[in-house]
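One structure is given here, and the rest of the page talks about it.
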Amino acid sequence: MSVRSNKEPATVPPEIQARLESAGLRRTLATRAVLGLFLANPQGTVSHAQALASLQTRGLDINRVTLYRLLDRLAACGVLQRHADDGARTWRYSLADTGEGLAPRFECDACHRQFRLTEASAPTQAVASDLLRTLAGLGHQGMRVDVAIHGTCASCVPGAGATTEQEPRP
Ligand SMILES: [Zn+2]
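In the working numbering, the protein residues as written are 1053 to 1222.
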């Protein structure tokens, strides 16, 4: 909540930097501030309105349209992932997977927290390769596979303990 100087925003990991460069996105103050927002909370998903509010709280002067375009461009170049928020008829954004295999995401529809199921990386990667091969056979070019599971997380399940199948998280 403190207003920090904008001289040294969050460091941008090299994979993200590479994606920005290959998409020709310049690292403007706004880009770095938006990335900083996601890097500070890698598991979070943020709507356009929430991102706008956070950035303005941090003292960044950015208008709605600029932010919309920026979020879309970051999603287009694979830095962010865009998810439809069915209830609110809006988009939510989160950091996209960078390396470390393809892990499916689980998103809690109640609290919008995301969990990356790294335990399932290997089978997911296998399914993804299969899907991409199928696409290629049809002449399509698949670029990226995003596996998402929606539901209710352990802390949001009413009367947590009622579910017997789920393993407790460490
Ligand atoms: Zn939850």
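Yeah, the Cβ is synthetic: ideal placement off N, Cα and C, and Gly gets one too. All values derive from a computational prediction rather than experimental measurement.
Per-residue DSSP class, three states only, for residue i
{"i": "T1063", "result": "coil"}
{"i": "A1136", "result": "strand"}
{"i": "L1112", "result": "coil"}
Contact test: residue i Cβ vs ligand 1 heavy atom, cutoff 7 Å
{"i": "A1162", "result": "yes"}
{"i": "T1097", "result": "no"}
{"i": "R1165", "result": "yes"}
{"i": "C1129", "result": "no"}
{"i": "T1204", "result": "yes"}
{"i": "S1074", "result": "no"}
{"i": "S1207", "result": "yes"}
Cβ of residue i within 8 Å of any chain B Cβ
{"i": "S1173", "result": "In the structure shown, chain B does not exist; there is a single protein chain."}
Burial state of residue i, where buried means 16 or more other Cβ atoms lie within 10 Å
{"i": "P1066", "result": "exposed"}
{"i": "A1085", "result": "buried"}
{"i": "G1194", "result": "exposed"}
{"i": "H1192", "result": "exposed"}
{"i": "L1190", "result": "exposed"}
{"i": "T1097", "result": "buried"}
Only counting runs of 3 or more residues, tell me where the beta strand (DSSP E) segments fall wholly within the region 1149 to 1211, in order along the chain. Segments of the beta strand (DSSP E) lying fully in the region 1149 to 1211: 1157 to 1160, 1166 to 1168 and 1200 to 1203.
At least 3 beta-carbon pairs within less than 8 Å: the region 1109 to 1117 vs the region 1183 to 1199: Output reads no: the region 1183 to 1199 does not touch the region 1109 to 1117.
Ignoring anything shorter than 4 residues or poking outside the region 1067 to 1125, list the alpha helix (DSSP H) runs there in chain order. The qualifying runs are 1081 to 1091 and 1100 to 1109.
Stretch-stretch touch, CB-based, cutoff 8 Å, three pairs: the region 1188 to 1205 with the region 1157 to 1175: yes
Report yes or no: do three or more beta-carbon pairs, one from the region 1065 to 1084 and one from the region 1124 to 1138, lie closer than 8 Å? Enough Cβ pairs lie closer than 8 Å, so yes.
Just checking, does the region 1166 to 1181 make contact with the region 1099 to 1108 on the three C-beta pairs under 8 Å criterion? no
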